[in-house]
Amino acid sequence: MNDNAVYLLGADGGGTSCRVRLSTIEGQILGEGRSGSANVRLGVDNAYAEILKATDAALHQAGLDRSVLSRTYAGFGLAGAVDEARRASVRDFPHPFASVAIETDAHTACLGAHGGKPGGILILGTGSCGVYQNAGQFDVIGGWGFMISDQGSGAWLGLNLVRQAMLALDGVIEQTPLSQAVLARFDNSHSQVLDWSEQARPRDYGAFAPLVLQFAAEQDSLALRLLQQCGEDAGELLARLQRLGARRVCLMGGLSEPLRPWLPAALLPLLCAPVGDAMDGALLLALGLLNVRES
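Here the sequence shown is numbered in numbering that gives the first Met the number 0, starting from 0 and rising by one per residue.
Below you can see the structure in the form of structure tokens.
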């Protein structure tokens, strides 16, 4: 390969894993790699350690070594990079790249989904978040954390399922097969639910989402109520993206397809399939750095 060649690197650093894609400036993919979480909230040093671990795998696949990184423009989409202070800490951290651009993983997912063109995404997974991008300007809806946000998400479903199950255990509302199945996991014990709730994280609540879907297929009244509300909440996020100007929105996340039938019918024409992924979006960030250098 050309000893003076310039490369692009895109990193999608989510809360559970980091994926890296290495390409030429013409867009030819040379290699990919994967490592652990590169969430900025876990520390910038940890984020870079995981990015470089995945980068090494991509370089190995491409038949290259770290010496090319000084000629590699990197775009990062990292979980937790929600404010300028955190993004600056990543840019300013000693690194081997020619230059680094950083946004959140939701931003790069949106860029990749529409190939850099205007459009939105609605992420419905353990949490929820909406993003609209137009000409490099981003509007973000939600994504502020489980305690104050995450409407229409798997964690919301699980939290409200447990709440309703506790009301049923107290005799405030009628039991259903779903509430009974949940309470059976805690031996129908208030104290066991309380002990669990004091340690439970969003993913623990989100783990109940498949149970809600299972019982909804059996027409359980509680499951149907929860999904109806969840769909309405997600629909509010989708409607806001439309008001911001989105004419095309990609659904993403593990709950996106199961929840699609529960979204408001009037908003379904907005939905479209993504043309690329978050690593493609991160590569677009990297290409933007190169274009700035050459302008």
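All residues carry an ideal CB built from backbone N, CA and C; glycine is no exception.
{"Asked": "Extent of the continuous beta strand (DSSP E) run through residue 356", "Found": "Because the chain spans 0 through 294 in this model, residue 356 falls outside it and cannot be assessed."}
{"Asked": "Proximity of residue 284 and residue 102 at Cβ, strictly below 8 Å", "Found": "yes"}
{"Asked": "Selected residue, minimal CA-CA separation from residue 130, among 263, 240, 272, 259", "Found": "240"}
{"Asked": "Residue 89, buried or exposed, once every other Cβ within 10 Å from all chains shown has been counted against 16", "Found": "buried"}
{"Asked": "Chain-order list of residues whose beta-carbon lies under 6 Å from that of residue 72 (same chain, five-residue window excluded)", "Found": "7, 97, 98, 285, 288, 289"}
{"Asked": "When 125, 271, 204, 263 are compared against residue 159, the one with the closest alpha-carbon", "Found": "204"}
{"Asked": "Nearest-angstrom Cα separation, counted from residue 154 out to residue 206", "Found": "8 Å"}
{"Asked": "Selected residue, minimal CA-CA separation from residue 164, among 45, 151, 220, 149", "Found": "220"}
{"Asked": "Three-state class that DSSP yields for residue 251 in the structure shown", "Found": "strand"}
{"Asked": "For residue 130: DSSP bridge partner residues", "Found": "120, 139"}
{"Asked": "Residue 54 burial status per 10 Å Cβ neighbour count (16 or more: buried)", "Found": "buried"}
{"Asked": "DSSP state of residue 175 mapped onto helix, strand, coil", "Found": "coil"}
{"Asked": "Same chain, Cβ closer than 6 Å to residue 223, neighbours up to 5 away in sequence not counted", "Found": "215"}
{"Asked": "C-alpha distance - residue 106 paired with residue 174, whole-angstrom precision", "Found": "42 Å"}
{"Asked": "Among 261, 255, 247, 29, the one whose alpha carbon lies nearest that of residue 274", "Found": "247"}
{"Asked": "Beta-carbon separation (whole angstroms), residue 37 vs residue 49, contact threshold 8 Å", "Found": "4 Å"}
{"Asked": "Neighbourhood of residue 182 by C-beta, 7 Å cutoff - its chain only, sequence neighbours within 5 removed", "Found": "164, 168"}
{"Asked": "Same chain, Cβ closer than 8 Å to residue 180, five either side skipped, listed in chain order", "Found": "210, 214"}
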